[in-house]
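Residue numbers for the sequence shown, in my numbering: 20 to 336. Positions of the beta carbon are idealized from the N, C-alpha and C atoms, including for glycine. All figures in this text were calculated on a predicted structure; none of them were measured in a lab. First the structure, in the form of structure tokens, and then the observations on it.
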Amino acid sequence: MLTKKQKNTLLYILFVFILCSAAMDFEFLVLKTDETFLAENIFCKLFALLMIYLCLEDRKLTWRSIGLRRSGITKGMILGFSIGIITFTASYLVEFILLLILGKSPKPGFYLTSFSLTNRTATKLTVSAILICIAGNIINVLAEEGLFRGLFYKLGRRALSVKYANLLQALLFSIWHLITVVVWYRQGSLTIPSALLFGAGYLLTAGISGFAWGLCVTLTGTLWTGIFQHFFNNVIGSFLHVVTATGTDELQIFRLALSNVLSLLLVILLAKHKKQPAGRRQRSMKSMHSNAGQRSKSSIPTAGKASKPGRRKRRGN
């Protein structure tokens with residue numbers, strides 16, 4: 020049974036999530052900033068950053084306490100980009116192979132779109148468009164990683180175990196993305212069956228990636244690995260496309276699901292690899308202490324084997 024304090028913490032998380040979700044729903048459905056030159060709904064992300072700040076002040080926490088510390092940036096960047104490159108290289112390759120098997124002759128397409136699973140609007144690769152995309156994605160990943168893997172995961176660990184706190188933030192993160200499916204359904208781009216399919220796709224892909232990035236926080240103690248991989252995922256999805264005669268990014272939902280599953284598997288392997296050296300170090304330390312004890316015992320002469328000085332002299336003569 021949860022205590023009253025634990026229940027209050029969970030209600031606090033849900034309240035903040037509902038506020039941030041309401042801000043995002045308003046921007047997606049009313050302001051529609053992603054349909055402007057910004058090509059990204061950044062105001063709801065700025066609101067999320069503001070909510071993080073207010074919650075940190077309210078809970079007497081710091082940005083450092085939720086994983087945004089200077090130490091670990093380089094390590095997180097290397098790890099995050101490496102995981103992103105490995106998983107997306109594999110998933111793009113599998114997508115190309117599947118399309119070739121289907122006889123669709125896929126080819127890469129390089130142009131800018133907003134990050135979405137369907138009904139994208141292409142934009143030419145101008146310097147201003149690239150800079151706006153990068154800036155928007157920086158705000159996006161800082162807000163989402165700070166809110167879900169930072170604030171919610173930190174507070175969740177106070178009310179739940181680490182595993183269930185990670186599951187909670189991953190679930191909320193997946194629900195957070197369902198508004199995009201609602202938008203496309205309202206615009207007539209999706210039927211009810213296709214909306215359910217894409218909704219399940221968002222729940223799956225966002226949930227898996229959110230859980231993996233939560234594991235990265237547990238593994239490294241910072242948000243940086245998730246931030247850099249999240250940034251890479253969004254940017255590569257906005258710039259690199261798979262084009263066929265019948266459409267663009269037709270298997271994108273499969274590509275994202277595969278890359279996220281591979282990402283989760285890699286993080287799990289890294290976590291196991293990190294635990295193993297510690298065990299080996301403990302065993303080696305025990306072995307060293309045992310050997311040292313044996314050497315110290317063997318170096319102490321027994322009474323029956325003690326040599327006599329006189330005998331040494333006679334042997335010397």
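Spatial neighbours of residue i in its chain, beta-carbon cut-off 8 angstroms, leaving aside the 5 residues before and after
{"i": "residue 234", "result": "185, 283, 286, 287 and 290"}
{"i": "residue 69", "result": "none"}
{"i": "residue 197", "result": "218, 221 and 222"}
{"i": "residue 254", "result": "152, 153 and 156"}
{"i": "residue 188", "result": "167, 168, 171, 172, 175, 229 and 233"}
{"i": "residue 276", "result": "220, 223, 224 and 227"}
{"i": "residue 91", "result": "239, 240, 241 and 243"}
Three-state class that DSSP yields for residue i in the structure shown
{"i": "residue 125", "result": "coil"}
{"i": "residue 86", "result": "coil"}
{"i": "residue 259", "result": "strand"}
{"i": "residue 57", "result": "coil"}
{"i": "residue 161", "result": "helix"}
{"i": "residue 81", "result": "coil"}
{"i": "residue 131", "result": "strand"}
{"i": "residue 300", "result": "Because residue 300 sits at a pLDDT of 46, beneath the cut-off of 50, its placement in the model cannot be relied upon, and the point is left open."}
{"i": "residue 334", "result": "Here the model assigns residue 334 a pLDDT of 45, short of 50, so the residue's position is not dependable and the matter cannot be decided."}
{"i": "residue 49", "result": "helix"}
Alpha helix (DSSP H) segment containing residue i, residue limits
{"i": "residue 144", "result": "Looking at the DSSP string, residue 144 is not in any alpha helix (DSSP H), and its letter there is neither H nor E."}
{"i": "residue 103", "result": "92-120"}
{"i": "residue 44", "result": "23-45"}
{"i": "residue 72", "result": "62-77"}
{"i": "residue 193", "result": "181-195"}
{"i": "residue 175", "result": "172-178"}
Cut-off 6 angstroms between Cβ atoms - residues of its own chain near residue i, not counting five sequence neighbours on either side
{"i": "residue 192", "result": "167, 225 and 229"}
{"i": "residue 67", "result": "39, 162 and 166"}
{"i": "residue 18", "result": "The requested residue 18 does not occur in the structure, where the chain is confined to residues 20 to 336."}
{"i": "residue 335", "result": "Any reading at residue 335 must be qualified, since the residue scores a pLDDT of 45, below 50, and its modelled position is unreliable; the value itself is stated next. Same-chain partners within the cutoff: there are none."}
Close-in-space but distant-in-sequence residues of the same chain around residue i (CB under 7 angstroms, 5 per side omitted)
{"i": "residue 210", "result": "none"}
{"i": "residue 108", "result": "none"}
Chain D within 8 angstroms of residue i, Cβ atoms only
{"i": "residue 228", "result": "Reference to chain D is not applicable here, since this structure consists of a single protein chain."}
Task: Three or more C-beta pairs below 8 angstroms linking the stretch 244-257 and the stretch 156-163 - done: yes
Open item on the list: Using a Cβ distance threshold of 8 angstroms, determine whether the stretch 28-48 contacts the stretch 62-76, with at least three qualifying pairs required.
Closed with: yes
- [ ] May I have a chain-ordered list of the beta strand (DSSP E) segments no shorter than 3 residues that lie completely inside the stretch 205-264?
- [x] 259-263
Open item on the list: If contact is defined by three or more beta carbon pairs under 8 angstroms, each pair taking one atom from either stretch, is the stretch 260-270 in contact with the stretch 104-122?
Closed with: yes
Open item on the list: Below 8 angstroms, how does it come out for the stretch 193-207 and the stretch 173-181: are there three or more Cβ pairs, yes or no?
Closed with: no
Open item on the list: Quick test of the definition: if touching needs 3 or more C-beta pairs under 8 angstroms, does the stretch 87-99 touch the stretch 240-247?
Closed with: yes
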